[in-house]
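K.L.:
The structure under discussion is supplied below as structure tokens; questions concerning it will follow.
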Amino acid sequence: MKRETSLPYRHTTRPRRSSPGRAHVIGGLSMTLIIALLLAVCLPLETSLAKKPTTDPDPPPVLYQIDFFNLPNNGYGLLVFDINNFGCVVGSYAELQDAGENQYGFVYDHPGYPDRVIDLNDLDYDENAGIPDGWQITHVWGINDLGDIVANLKRKDESNNLWRACAINMNVTPHQLIELNPDNIGMRDWVAGINLLGDIVVSYEDADGWFEAYLYNLYVPGLYDETEIPVALDLGRITYLSINDNREIAGQWYPDGPDEDRIVFRCQIDDDGVALPKETFPEIDSNYLSVSEINNKGVVLGKSIYYPGKGQKTVTACFRIYEKPEFLVLLDKTALGFPESINDQDDFITNYLIYHDQHGYLHPDELIDLTDSDDAADWFGSDFSSIYALNNRTTDDGFGQIAGVISNDGVKRGFVLTPRPPTD
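Here the sequence shown is numbered in the working numbering, starting from 93 and rising by one per residue.
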């Protein structure tokens, strides 16, 4: 698992398009913006075999400004899962002393307004497409650049062993919630992500505890199946999935059963929703293997932990896959954390660090703008901070925005770090 939650390892997809900032997305977008975004997706892209970029000159130093946001119950149980390219953040928080049982999904889309957090259970939904009676929205795994959301539903009166995947169309009023597997009576469903085209990858658990992948489109129900249900993807037994805007999927595959080696794979989904043959990377040797995300260039981010043998030191590494895996090893594995997110410029973050090809690993503390005296004091006076989500760079000389959680004297707050342009 990436971190302690009541659900298995989440895998969200974070669509990556370089876009100017905006105040918020809730309440709808202009048709011009929607068309522009969709046209951008349809332009020819170099995707399937991602090529490692050439090294550019070092960019000027970049400083981050901090925007904190507040959750009920002093942020108890606060988790952040995703940020889109407009700075909108999604995640969950809990009732006091009940983090494992009653999580509430939220979206924060007003950077600079710390109390503008929206509980998705409180929205106005279509009477024919709302939250089912007796259920609540818990963990919100992903948000795309149109502001639409994928999440989990959980029964209020039962254990965490029964929950379902759903998607929320935020660009219609009243909003619409679509259950992605309403007839499932199994244990668990989870959502791997939503891309800019509205493609959603969902994993359903079968009776043997295996997860299989299904594909659904939020904007054109029935696009992949005329009965308007998710279509099965012939990928075998899989976990740790991610989908990008070009319908490329990455994850890990169990070819021989649960006790055998896992293999990282990457594949393309065609226009009919069919998974083309997998490209596999068995050379990633690992006793513990996980895939975090695939960006829009097809670069895959993940983590490998390998135990060479008795008396030998554990090898821990982040990896990026272009045509062949590239391992980026941090010697102090305790500080490495879990690789969380990669953007289209191939910057990535772990729980604690930012990686940039020109700078290597950096801690956010090195980049905080100290002229924000109050916010900087809160930051450096905190008990801990963790970073979980990264979006695209808005300029060539910086990093993308970063979202995460900070704790101070037992009070947890969410934050968005936004890079400021360098000054002369």
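Backbone N, C-alpha and C fix where the C-beta goes; we use that ideal spot for every residue, glycine too. Computed from a predicted structure; not experimentally measured.
Look up ASN309 in the DSSP assignment and give the residues it is bridged to.
P.N.:
ASP291
K.L.:
Nearest by alpha-carbon distance to ASP298: which of ASN263, LEU254, GLY496, TYR308 is it?
P.N.:
When each option's Cα is compared against that of ASP298, the closest is LEU254.
K.L.:
Based on Cα-Cα distance, which residue from GLY314, ASN387, GLU318 lies nearest to ALA342?
P.N.:
Sorting GLY314, ASN387, GLU318 by C-alpha distance to the C-alpha of ALA342 places ASN387 at the top.
K.L.:
Check this for me: beta carbons of PHE440 and LEU482, under 8 Å apart or not?
P.N.:
yes
K.L.:
Quick one: what does DSSP say ASP470 is sitting in, helix, strand or coil?
P.N.:
helix
K.L.:
Tell me which residue opens and which closes the beta strand (DSSP E) that ASP281 is part of.
P.N.:
Run containing ASP281: 281-286, per the beta strand (DSSP E) assignment.
K.L.:
If you draw a straight line from the alpha carbon of ASP207 to that of PHE160, how long is it in whole angstroms?
P.N.:
9 Å
K.L.:
Run through DSSP, which three-state label would PRO456 get?
P.N.:
In the structure shown, the three-state DSSP call for PRO456 is helix.
K.L.:
Do VAL172 and GLY506 have their beta-carbon atoms positioned less than 8 Å apart in this structure?
P.N.:
yes
K.L.:
Whose C-beta lies closer than 8 Å to the C-beta of TYR217 among residues of the same chain, with five residues either side of it excluded?
P.N.:
Hits under 8 Å: ILE223, PRO266, HIS267, GLN268, LEU269.
K.L.:
For GLU318, tell me which candidate among LYS389, GLY490, GLY365 has the shortest Cα-Cα distance.
P.N.:
GLY365
K.L.:
Just the C-alpha distance for PHE472 and GLY169, rounded to the nearest angstrom, thanks.
P.N.:
21 Å
K.L.:
From which residue to which residue does the beta strand (DSSP E) around PRO431 run?
P.N.:
First-last for PRO431: undefined, no H or E at that position.
K.L.:
Nearest to TYR311 by alpha carbon, out of LYS389, VAL264, PHE491?
P.N.:
VAL264
K.L.:
Below 8 Å between beta carbons: does that hold for ASP291 and ILE260?
P.N.:
For ASP291 and ILE260, no; Cβs fall outside 8 Å.
K.L.:
Buried or exposed for LEU462, going by 16 or more other Cβ atoms inside 10 Å?
P.N.:
Answer is exposed; the Cβ neighbour count stays below 16.
K.L.:
Please work out which residues of its chain come closer than 6 Å, Cβ to Cβ, to ILE494, disregarding the five sequence neighbours upstream and downstream, and give them in chain order.
P.N.:
ILE479, LEU482, LEU509
K.L.:
Does DSSP put PRO417 in a helix, a strand or coil?
P.N.:
strand
K.L.:
Among THR372, ARG339, GLU418, LEU333, which has the Cα closest to the Cα of SER382?
P.N.:
Closest option to SER382, Cα to Cα, is LEU333.
K.L.:
Out of ASN309, THR408, GLU371, state which residue places its alpha-carbon closest to the alpha-carbon of PRO431.
P.N.:
Looking at the Cα atoms, THR408 is the closest of the given residues.
K.L.:
Expressed to the nearest angstrom, what Euclidean distance is found between the alpha-carbon atoms of GLN450 and TYR306?
P.N.:
Each residue's alpha carbon lies about 38 Å from the other.
K.L.:
With C-beta atoms as the reference, is ASP337 less than 8 Å away from VAL391?
P.N.:
No, the Cβ-Cβ distance between ASP337 and VAL391 is not below 8 Å.
K.L.:
DSSP on LEU333, reduced to helix/strand/coil?
P.N.:
strand
K.L.:
Nearest to VAL323 by CA position, among CYS410, ASN309, ASN176, is which residue?
P.N.:
VAL323 has its Cα closest to that of ASN309, out of CYS410, ASN309, ASN176.
K.L.:
Would TYR156 and LEU459 be called neighbours here (beta carbons separated by less than 8 Å)?
P.N.:
yes
K.L.:
Measuring alpha carbon to alpha carbon, tell me which residue in LEU368, GLU320, ASN379, VAL356 is nearest GLU385.
P.N.:
VAL356
K.L.:
Considering VAL517, what are the terminal residues of the beta strand (DSSP E) in which it resides?
P.N.:
Past the edges of the chain, shown from 93 to 516, lies residue 517, and the structure says nothing about it.
K.L.:
Please go through the same chain and pick out, in chain order, the residues whose beta-carbon is closer than 8 Å to the beta-carbon of ILE210, but skip the five residues on each side of it.
P.N.:
ILE118, PHE198, VAL199, TYR200, ASP201
K.L.:
Measure the CB-CB distance between PHE491 and ILE446 and report whether it falls below 8 Å.
P.N.:
yes
K.L.:
In whole angstroms, what is the alpha-carbon distance linking ASP281 and GLY301?
P.N.:
So the alpha carbons of these two residues sit roughly 11 Å apart.
K.L.:
For a test of your reading of the model: does the CB of ILE361 fall under 7 Å from any non-hydrogen atom of the ligand COA? Yes or no.
P.N.:
The ligand COA is not among the ligands present in this structure, which contains no ligands whatsoever.
K.L.:
Considering only C-alpha positions, which residue in the set ARG247, GLY394, ARG358 is nearest to GLU371?
P.N.:
It is ARG358 whose Cα lies nearest to the Cα of GLU371.
K.L.:
Check this for me: beta carbons of SER474 and ASN443, under 8 Å apart or not?
P.N.:
At the C-beta level, SER474 and ASN443 stay beyond 8 Å of one another.
K.L.:
Mark ASP415 as exposed unless 16 or more other C-beta atoms lie within 10 angstroms of its C-beta, in which case mark it buried.
P.N.:
The sequence as given places Glu at residue 415; Asp does not occur at that position. It is exposed - the Cβ of GLU415 has fewer than 16 other Cβ atoms within 10 Å.
K.L.:
Hey, ARG339 and TRP345: beta-carbon distance below 8 Å or not?
P.N.:
no
K.L.:
Does PRO456 pass the burial test, meaning 16 or more other C-beta atoms within 10 Å, or should it be called exposed?
P.N.:
buried
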